[in-house]
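Student:
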Amino acid sequence: MKRKDIIILITRKLPEKIEKTLKENFNVILNKADKKLSYTELKKKVSEVDILIPCVSDTIDASIIQSAKKLKLIANFGNGVDNLDLVTAREENVMVTNTPDVLTEDTADLVLTLVLMISRKVVQAQKKISGGRWSGWGPSETMGERIRGKNFGIIGMGRIGKAVAKRLNILGVKIFYHNRNRLKNNEEKVLKAKYFENLDLMITHCDIISIHCPYTPETFHLLSKKRLKLLKRNCIVINTSRGEIVDEQALASLLFKKKIGGAGLDVFEHEPEITQKLLESDNVILLPHISSATIESRIAMGNRVIKNIITFANGKTPPDVIKKLYYD
Ligand code: 8YV
Numbered sequence: 009m010k011r012k013d014i015i016i017l018i019t020r021k022l023p024e025k026i027e028k029t030l031k032e033n034f035n036v037i038l039n040k041a042d043k044k045l046s047y048t049e050l051k052k053k054v055s056e057v058d059i060l061i062p063c064v065s066d067t068i069d070a071s072i073i074q075s076a077k078k079l080k081l082i083a084n085f086g087n088g089v090d091n092l093d094l095v096t097a098r099e100e101n102v103m104v105t106n107t108p109d110v111l112t113e114d115t116a117d118l119v120l121t122l123v124l125m126i127s128r129k130v131v132q133a134q135k136k137i138s139g140g141r142w143s144g145w146g147p148s149e150t151m152g153e154r155i156r157g158k159n160f161g162i163i164g165m166g167r168i169g170k171a172v173a174k175r176l177n178i179l180g181v182k183i184f185y186h187n188r189n190r191l192k193n194n195e196e197k198v199l200k201a202k203y204f205e206n207l208d209l210m211i212t213h214c215d216i217i218s219i220h221c222p223y224t225p226e227t228f229h230l231l232s233k234k235r236l237k238l239l240k241r242n243c244i245v246i247n248t249s250r251g252e253i254v255d256e257q258a259l260a261s262l263l264f265k266k267k268i269g270g271a272g273l274d275v276f277e278h279e280p281e282i283t284q285k286l287l288e289s290d291n292v293i294l295l296p297h298i299s300s301a302t303i304e305s306r307i308a309m310g311n312r313v314i315k316n317i318i319t320f321a322n323g324k325t326p327p328d329v330i331k332k333l334y335y336d
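According to the numbering used here, the sequence shown is numbered sequentially starting from 9.
In structure tokens:
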């Protein structure tokens with residue numbers, strides 16, 4: 009098949025130079041308005057294409073994949089693939105790729121931003137000035153907590169978890185981690201991270217926890233209502249992974265009642281909806297899923313998508329092919 013005969017659907021507007029390269033090589037359907045396609049629109053459009061480039065905001069379920077008879081490749085613009093039905097893709101011989109590595113550092117930076125801002129009550133302090141409520145310095149004004157010496161628990165020690173750990177070493181916290189597999193001894197030493205096989209045990213000791221595992225059927229509500237109750241009263245919860253990993257209602261209720269220290273959330277269980285109680289809590293920072301929103305990340309993600317598609321079009325296995333089903 010000639011490249012120009014390959015039809016590609018890009019569901020959202022990607023950086024201009026990424027779309028340009030794709031257009032030069034393939035027959036591309038763009039979404040110039042960048043308006044999220046409805047389920048029906050998406051299903052109809054996908055049924056006409058050979059390759060699909062979706063984003064986290066598109067749910068590509070079994071029905072869409074099954075009705076897309078020409079579809080051969082889903083080149084996800086993003087790292088997480090929880091928006092795609094991997095089982096059906098495999099059954100229907102549709103290859104799936106993602107964009108790992110390139111958003112790791114930016115995501116880790118955002119974790120640090122949230123940790124520092126929440127611990128030092130930066131938003132409350134800023135609001136005091138912008139709300140005209142600052143009458144001058146006082147010894148007990150907007151007091152936060154020191155980070156150094158605190159216990160920091162990382163849930164999921166993959167690429168992003170490790171990038172967070174590297175940054176944390178500069179801050180002088182004690183790093184704990186929980187992961188499906190324990191790291192090699194030397195890697196633990198370099199990261200100065202202590203392994204906890206038992207997640208419950210780890211979180212009872214933490215002043216801050218940050219989630220870095222993928223969302224899979226096994227990690228749905230990993231931080232369940234029951235588990236969240238184990239958290240220390242000052243504990244701060246950071247989530248830049250996926251909202252579904254935390255029971256959002258339960259977390260919101262603890263925050264609202266000030267039974268935990270705070271939360272920094274970049275992801276939510278039912279995006280773009282957010283539990284009302286979270287919006288009403290003052291010890292939180294809520295962000296609209298921006299952890300990888302830098303020009304550099306977006307372009308690198310796009311280049312990764314291009315590489316995967318061109319390799320596929322050349323009849324070879326793309327570098328970022330998803331081999332493992334989380335359901336295996
Ligand atoms: C991306 C993300 O913005 O890559 C991921 O897994 O959550 C985000 O940082 C998103 O995936 C883009 O589709």
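All C-beta atoms, glycine included, are put in the ideal place defined by N, C-alpha and C.
Just to check, is the beta-carbon of I218 closer than 7 Å to a non-hydrogen atom of the ligand 8YV?
Tutor: Correcting the residue type first, residue 218 is Ser in the shown sequence and not Ile. No; taking the cut-off as 7 Å, the Cβ of S218 has no heavy atom of the ligand 8YV nearer than that.
Student: Runs of 4 residues minimum, wholly inside the segment 20 to 91: which ones carry the alpha helix (DSSP H) assignment?
Tutor: Within the segment 20 to 91, the complete alpha helix (DSSP H) runs of at least 4 residues are 24 to 33, 47 to 54 and 70 to 75.
Student: Grouping DSSP H, G and I as helix and E and B as strand, with all else coil, what is E100?
Tutor: Three-state result, E100: coil.
Student: Does DSSP classify E252 as helix, strand or coil?
Tutor: Residue state, collapsed to three classes: helix.
Student: Measuring straight from C-alpha to C-alpha, what distance separates P222 and D90?
Tutor: Cα to Cα, the separation comes out at about 8 Å.
Student: Under 7 Å from any heavy atom of the ligand 8YV, does the C-beta of L111 make it?
Tutor: Checking the Cβ of L111 against the ligand 8YV gives yes.
Student: Going by DSSP, what residue range makes up the alpha helix (DSSP H) through G310?
Tutor: First-last of the alpha helix (DSSP H) with G310: I303 to A321.
Student: Relative to the alpha-carbon of D208, which residue among P23, E195, S232 and T115 has its alpha-carbon at the smallest distance?
Tutor: Nearest of P23, E195, S232 and T115 to D208, Cα basis: S232.
Student: Do you know how far the Cα of L38 is from the Cα of K44?
Tutor: Their backbone Cα atoms lie some 12 Å apart in a straight line.
Student: Could you check what DSSP says for L273 in three-state terms: helix, strand or coil?
Tutor: In this structure, L273 counts as strand in the three-state DSSP scheme.
Student: Run the proximity test for S75: is its beta-carbon closer than 7 Å to any non-hydrogen atom belonging to the ligand FAD?
Tutor: Only the ligand 8YV can be found as ligands here, which leaves the ligand FAD out of the picture.
Student: Looking at G310 and the ligand 8YV, is the gap between the Cβ and the nearest heavy atom below 7 Å?
Tutor: Not under cutoff, so the answer is no.
Student: May I have the straight-line CA-CA distance separating L79 from I155, to the nearest angstrom?
Tutor: Cα to Cα, the separation comes out at about 50 Å.
Student: CB-CB under 8 Å to M125, same chain, minus the five flanking residues each way: which ones, in chain order?
Tutor: Cβ neighbours of M125 beyond the five flanking positions: V131, G272 and I293.
Student: Does the ligand 8YV have even one heavy atom less than 7 Å from the beta-carbon of C63?
Tutor: Yes, the ligand 8YV has a heavy atom inside 7 Å of this Cβ.
Student: Could you compute how far the alpha carbon of D13 sits from the alpha carbon of I59?
Tutor: Those two C-alpha atoms are separated by around 11 Å.
Student: Within this structure, are the beta carbons of I15 and E56 separated by less than 8 Å?
Tutor: Yes, Cβ-Cβ distance for I15 and E56 is below 8 Å.
Student: In this structure, does DSSP put Y335 in helix, strand or coil?
Tutor: Only weak support exists for where Y335 lies, its pLDDT of 40 falling under 50; the coordinates are left without a value.
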